[in-house]
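Comments concern the structure below.
There are 2 protein chains.
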Amino acid sequence: MSAPDKFSGVLTPVITPFTDDLAPDAERLIRQCKWMLSQNVGLAVFGTNSEANSLSTDEKIELMDRLIEGGIDPKRMMPGTGCCALSDSVKLTAHAAKLGCGGTLMLPPFYYKGVSDDGLYASYSEIIQKVGDANLRIYLYHIPPISNVPLSLGLIERLIKDYPDTVVGIKDSSGEWSNTKAMLDAGWDDFRIFAGAESFLLDNMRNGGSGCISATANVNPAAIHNLYANWQSDEADELQAGLDVVRNIFQAYPMIPALKAAAAIYGDDPDWCRVRPPLMALDEAQMAGLTQDLKAIDFAMPGLKDAA
Amino acid sequence: MSAPDKFSGVLTPVITPFTDDLAPDAERLIRQCKWMLSQNVGLAVFGTNSEANSLSTDEKIELMDRLIEGGIDPKRMMPGTGCCALSDSVKLTAHAAKLGCGGTLMLPPFYYKGVSDDGLYASYSEIIQKVGDANLRIYLYHIPPISNVPLSLGLIERLIKDYPDTVVGIKDSSGEWSNTKAMLDAGWDDFRIFAGAESFLLDNMRNGGSGCISATANVNPAAIHNLYANWQSDEADELQAGLDVVRNIFQAYPMIPALKAAAAIYGDDPDWCRVRPPLMALDEAQMAGLTQDLKAIDFAMPGLKDAA
Numbered sequence: 051m052s053a054p055d056k057f058s059g060v061l062t063p064v065i066t067p068f069t070d071d072l073a074p075d076a077e078r079l080i081r082q083c084k085w086m087l088s089q090n091v092g093l094a095v096f097g098t099n100s101e102a103n104s105l106s107t108d109e110k111i112e113l114m115d116r117l118i119e120g121g122i123d124p125k126r127m128m129p130g131t132g133c134c135a136l137s138d139s140v141k142l143t144a145h146a147a148k149l150g151c152g153g154t155l156m157l158p159p160f161y162y163k164g165v166s167d168d169g170l171y172a173s174y175s176e177i178i179q180k181v182g183d184a185n186l187r188i189y190l191y192h193i194p195p196i197s198n199v200p201l202s203l204g205l206i207e208r209l210i211k212d213y214p215d216t217v218v219g220i221k222d223s224s225g226e227w228s229n230t231k232a233m234l235d236a237g238w239d240d241f242r243i244f245a246g247a248e249s250f251l252l253d254n255m256r257n258g259g260s261g262c263i264s265a266t267a268n269v270n271p272a273a274i275h276n277l278y279a280n281w282q283s284d285e286a287d288e289l290q291a292g293l294d295v296v297r298n299i300f301q302a303y304p305m306i307p308a309l310k311a312a313a314a315i316y317g318d319d320p321d322w323c324r325v326r327p328p329l330m331a332l333d334e335a336q337m338a339g340l341t342q343d344l345k346a347i348d349f350a351m352p353g354l355k356d357a358a
Numbered sequence: 051m052s053a054p055d056k057f058s059g060v061l062t063p064v065i066t067p068f069t070d071d072l073a074p075d076a077e078r079l080i081r082q083c084k085w086m087l088s089q090n091v092g093l094a095v096f097g098t099n100s101e102a103n104s105l106s107t108d109e110k111i112e113l114m115d116r117l118i119e120g121g122i123d124p125k126r127m128m129p130g131t132g133c134c135a136l137s138d139s140v141k142l143t144a145h146a147a148k149l150g151c152g153g154t155l156m157l158p159p160f161y162y163k164g165v166s167d168d169g170l171y172a173s174y175s176e177i178i179q180k181v182g183d184a185n186l187r188i189y190l191y192h193i194p195p196i197s198n199v200p201l202s203l204g205l206i207e208r209l210i211k212d213y214p215d216t217v218v219g220i221k222d223s224s225g226e227w228s229n230t231k232a233m234l235d236a237g238w239d240d241f242r243i244f245a246g247a248e249s250f251l252l253d254n255m256r257n258g259g260s261g262c263i264s265a266t267a268n269v270n271p272a273a274i275h276n277l278y279a280n281w282q283s284d285e286a287d288e289l290q291a292g293l294d295v296v297r298n299i300f301q302a303y304p305m306i307p308a309l310k311a312a313a314a315i316y317g318d319d320p321d322w323c324r325v326r327p328p329l330m331a332l333d334e335a336q337m338a339g340l341t342q343d344l345k346a347i348d349f350a351m352p353g354l355k356d357a358a
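Protein sequences, first through last, are from chains A and B. In this text, residue positions in the first sequence follow my numbering: the first is 51, and each later residue adds one. In this text, residue positions in the second sequence follow my numbering: the first is 51, and each later residue adds one.
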């Protein structure tokens, strides 16, 4: 198996559908992934907005297998494989590497708080060594608002230095442009820096970044990819402003249920609304509000129904 | 299998030993549990201070089985079974109930932040219903400084009301006496309220609480149980002050590595020092400091070496 190319462009934490018993629905996920790929959006399955942290390691392994059996190209997949437990992270990461995934997006262990950079380094380092796969490509996942375990610039630099062929990029979901900018300015050779939302896509591209990995690429993939492909054009600022309008609508609701609601509405497939606790589906008023807000901007998800 | 009695007294999140490959060391854990029981301390295995959140569900199931095969009474066990993933929590909780554990200590799903009481209620409710075991006894686990997902009084009350035979107690590790007091004053019939540290043991007992579940009961079990057994005596305040002296020493170091270091020192068993990343063992200076601090108060862990 050849070493995977590094990722660039737009990826999304693909939303995870559930059956009426709240089991993961592999068939519906395959269809969603195919639609994403048809829109030039890569598959950061098992991200935060995939409700990945509400899935067990075995469920994620089963879903990865099913996706690949279903014809999804593993090179377009960047599954989230960072868990609380070292043993889970190793098992899941090893499986992703074995399947030939283009990379994995890796949270730090996030239960224990106030841990040291040495401890986080040891965690990533143990995983890399225990997996022991030359084709493993890790994209770090910095999302302090949710993980409450930040990745410092010093830690990132140390990992790049010690594992230059393995630790090849990062998703910055800090929500702070200054943090992304500091990474872009750090001079890390061909280290792929992804904004955690399309809100920073244009800024990221103008400063040497590699794209974005964004929740709302689940619902607005073509337009986000269009900005990525045309960030040097005269219309780039206008394209960014257009993306922001859509993003702001979704951000006014609980994000994951709202993304699923949009898939339900525009895919004419109400089963998409299901979430696993502790999340809750949008209530009636929220559903009506989102429907109305999206209608008001003539929002569409072209091709979704055909994919379903 | 008869329904378990409700817990009272002192329990501890038993520290988890690791082999040199960082695998859980069942034999050493069995010995530690036997020593704990010999000191009248119950077994809240897989708690925060057990590094439970650095263990996979399968590792925890294997350890539970090994403990019981090793002769540990399941009625004295209150394993932590609350995970991020609904499916993990169901699997682990069902296994604990099937083994006849006296109860389970249950974190809320802790990755997603800012979730609603309805969502947390749905999580506990789904687990209870999917486990479907009349002998299941749940002790809620409120530890906002680490989980960042608090359990409100309203949520607790709703769970008690809807599952009175199942949701029978709570461990309050908020570190805020006012929160424990509010629960004690809530008038919940025979709901077992445990302080999250022995620092609040006497206050808790004087206000109708049921004991404590404390990390430092790993190292100071007899003295903590002694206060529990004699909280109505004239010496109670003095006993509490003595416990605080020991607790304050451990709190001056990273708690989990310090507990393990004490087991290593007083059990003459250096392998106890191992922790899983993201935690780090005490460094040399910390180890020397802890050794000195404990020596200065003539600290001892009587019977530990014989148990090993």
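Note that beta-carbon positions come from the ideal geometry of N, C-alpha and C, so glycine has one too. Computed from a predicted model, the values in this text were never measured in an experiment.
>> Within 10 Å of its beta-carbon, does A/T69 have 16 or more other beta-carbons around it, so buried, or fewer, so exposed?
In response: As a first step, residue 69 of chain A must be located in the first sequence, where it is residue number 19. A/T69 is exposed by the Cβ-count criterion.
> List, in order along the chain, the chain A residues whose C-beta lies closer than 7 Å to that of B/E119?
Replying inline: Locating residue 119 of chain B in the second sequence gives position 69, where the first residue counts as 1. In chain order: nothing, as chain A lies at least about 21 Å away.
>> Going by DSSP in three states, A/V296 sits in which element: helix, strand or coil?
In response: On the first sequence, residue 296 of chain A is found 246 positions in, with the first residue counted as 1. If DSSP states are grouped into helix, strand and coil, A/V296 belongs with the helices.
>> A/L293 and A/A273 - do their beta-carbons sit closer together than 8 Å?
In response: Counting from one through the first sequence, the residue named residue 273 of chain A turns up at place 223. Counting from one through the first sequence, the residue named residue 293 of chain A turns up at place 243. Yes.
> B/E334 to B/L344, Cα distance in whole Å?
Replying inline: What you label residue 334 of chain B is simply residue 284 of the second sequence in a count that begins at 1. What you label residue 344 of chain B is simply residue 294 of the second sequence in a count that begins at 1. Rounded to whole angstroms, B/E334 to B/L344 spans 15 Å at the Cα level.
>> Is there a Cβ of chain A sitting closer than 8 Å to that of B/L105, yes or no?
In response: Along the second sequence, read from residue 1 onward, the residue named residue 105 of chain B stands at position 55. Taking 8 Å as the threshold, the shortest C-beta distance from B/L105 to chain A falls below it.
> Any idea which residues DSSP pairs A/H192 with across the strands?
Replying inline: For the purposes of this step, residue 192 of chain A is taken as the residue at position 142 of the first sequence. A/D222, per the DSSP bridge assignment.
> For A/P129, does the count of other Cβ atoms within 10 angstroms reach 16, so buried, or fall short, so exposed?
Replying inline: Mapped onto the first sequence, residue 129 of chain A falls at position 79. Burial call: buried.
> Closest Cβ-Cβ distance between A/N198 and chain B: below 8 Å?
Replying inline: Locating residue 198 of chain A in the first sequence gives position 148, counting from the first residue. Cβ-Cβ to chain B under 8 Å: yes for A/N198.
> Taking the Cβ atom as the reference point for each residue, do B/L369 and B/W281 lie within a distance shorter than 8 Å?
Replying inline: The shown model of chain B, from 51 to 358, leaves out residue 369 of chain B, and the question about it has no answer.
> Any chance the stretch 195-203 of chain B sits against the stretch 153-169 of chain B, with 3 or more Cβ pairs inside 8 Å?
Replying inline: yes
> Could you give the C-beta distance for B/V181 and B/A135, rounded to a whole number, given that I count them as a contact under 8 Å?
Replying inline: Stepping through the second sequence from its first residue, residue 181 of chain B is reached at position 131. Stepping through the second sequence from its first residue, residue 135 of chain B is reached at position 85. Not confirmed; about 15 Å, so no contact.
> How long is the line joining the alpha carbons of B/K148 and A/F349, rounded to whole angstroms?
Replying inline: The residue you call residue 148 of chain B lines up with position 98 of the second sequence. The residue you call residue 349 of chain A lines up with position 299 of the first sequence. Approximately 51 Å, taken between the alpha carbons.
> What whole-angstrom Cβ distance do A/G353 and A/S88 have, given they're in contact under 8 Å?
Replying inline: As a working mapping, residue 353 of chain A is identified with position 303 in the first sequence. As a working mapping, residue 88 of chain A is identified with position 38 in the first sequence. About 6 Å separates the two Cβ atoms, so the contact holds.
>> Quick check on B/D321 - is its C-beta less than 8 Å from some C-beta in chain A?
In response: As a working mapping, residue 321 of chain B is identified with position 271 in the second sequence. No, because no Cβ of chain A sits closer than 8 Å to the Cβ of B/D321.
> Does the beta carbon of A/R126 come closer than 8 Å to any beta carbon on chain B?
Replying inline: The residue labelled residue 126 of chain A in the question sits at position 76 within the first sequence. So no, A/R126 is outside the interface.
> the stretch 134-157 of chain B: which residues have C-beta closer than 8 Å to a C-beta of chain A, in chain order?
Replying inline: C134, A135, L136, S137, D138, K141
> Secondary structure at B/R81, three-state DSSP: helix, strand or coil?
Replying inline: Translated into the one-based positions of the second sequence, residue 81 of chain B becomes position 31. Helix, per DSSP.
> Ordered along the chain, which non-local residues of its own chain (more than five positions away) have a Cβ less than 6 Å from that of A/G258?
Replying inline: Residue numbering aside, residue 258 of chain A sits at position 208 when the first sequence is read from its first letter. If we look at A/G258 and ignore the five residues flanking it on each side, its Cβ neighbours are L234.
> What residues of chain B sit near A/K231, judged by a beta carbon separation below 9 Å?
Replying inline: Numbered from its first residue, the first sequence carries residue 231 of chain A at position 181. Neighbours of A/K231 on chain B: none; closest Cβ ~25 Å, over 9 Å.
>> Counting only Cβ-Cβ distances shorter than 9 Å, please list the residues of the stretch 236-269 of chain A near chain B, keeping chain order.
In response: Against chain B - using a Cβ distance shorter than 9 Å - the stretch 236-269 of chain A contributes no residues.
>> Can you check which of these residues, B/W85, B/P214, B/I178, B/I243, is closest to B/H192 by C-alpha distance?
In response: Your numbering for residue 192 of chain B matches position 142 in the second sequence. For B/H192, the nearest C-alpha among the options comes from B/I243.
>> Would B/L105 and B/T131 be called neighbours here (beta carbons separated by less than 8 Å)?
In response: Position 55 of the second sequence, counting from 1, holds the residue named residue 105 of chain B. Position 81 of the second sequence, counting from 1, holds the residue named residue 131 of chain B. Taking 8 Å as the Cβ cut-off, B/L105 and B/T131 do not qualify as a contacting pair.
> How would you list, in chain order, the residues of chain B whose beta-carbon sits under 8 Å from the beta-carbon of A/K56?
Replying inline: In the first sequence, the residue the question calls residue 56 of chain A occupies position 6. Correct list: empty, because the minimum Cβ distance to chain B is about 26 Å.
> Hey, how far is the Cα of B/I347 from the Cα of A/P159?
Replying inline: Here residue 347 of chain B refers to the residue found at position 297 of the second sequence. Here residue 159 of chain A refers to the residue found at position 109 of the first sequence. Rounded to whole angstroms, B/I347 to A/P159 spans 36 Å at the Cα level.
>> Considering Cα atoms alone, identify which of B/V218, B/F96, B/G153 is closest to B/E112.
In response: Against the second sequence, residue 112 of chain B aligns to sequence position 62. Answer by Cα proximity: B/F96.
> With a cut-off of 8 Å, does the C-beta of A/D22 fall near any C-beta of chain B?
Replying inline: Because chain A here runs from 51 to 358, residue 22 of chain A falls outside it and cannot be looked at.
> Roughly how many angstroms separate the alpha carbons of B/E119 and B/T62, rounded to a whole number?
Replying inline: Position 69 of the second sequence holds residue 119 of chain B. Position 12 of the second sequence holds residue 62 of chain B. Looking at the two C-alpha atoms, the distance is approximately 21 Å.
> Residues bridged to B/F244 by DSSP?
Replying inline: Locating residue 244 of chain B in the second sequence gives position 194, where the first residue counts as 1. Listed as beta-bridge partners of B/F244 by DSSP are B/K221, B/G261.
>> Could you tell me the alpha carbon to alpha carbon distance between B/L72 and B/P307, rounded to whole angstroms?
In response: Residue numbering aside, residue 72 of chain B sits at position 22 when the second sequence is read from its first letter. Residue numbering aside, residue 307 of chain B sits at position 257 when the second sequence is read from its first letter. Answer to the nearest angstrom: the Cα atoms are 14 Å apart.
> Quick one: does B/S283 have its CB under 8 Å from some CB of chain A?
Replying inline: For the purposes of this step, residue 283 of chain B is taken as the residue at position 233 of the second sequence. It does not: the Cβ of B/S283 has no partner Cβ on chain A nearer than 8 Å.
> Nearest to B/E101 by alpha carbon, out of B/C323, B/D319, B/A172, B/W227?
Replying inline: As a working note, residue 101 of chain B is residue 51 in the second sequence. B/E101 has its Cα closest to that of B/C323, out of B/C323, B/D319, B/A172, B/W227.
> Quick one: Cα of B/L155 to Cα of B/Y189, how far?
Replying inline: Here residue 155 of chain B corresponds to residue number 105 of the second sequence, with the count starting at 1. Here residue 189 of chain B corresponds to residue number 139 of the second sequence, with the count starting at 1. Whole-angstrom Cα-Cα distance: 5 Å.
> So, are the CB atoms of B/G246 and B/S223 less than 8 Å apart?
Replying inline: Here residue 246 of chain B corresponds to residue number 196 of the second sequence, with the count starting at 1. Here residue 223 of chain B corresponds to residue number 173 of the second sequence, with the count starting at 1. A contact, by the Cβ cut-off of 8 Å.
> DSSP beta-bridge partners for B/G59?
Replying inline: Numbered from 1 along the second sequence, position 9 holds the residue referred to as residue 59 of chain B. According to DSSP, B/G59 bridges with B/G261.
>> Between which two residues does the beta strand (DSSP E) holding A/G92 run?
In response: Taking the first residue of the first sequence as position 1, residue 92 of chain A is located at position 42. First-last of the beta strand (DSSP E) with A/G92: 91-93.
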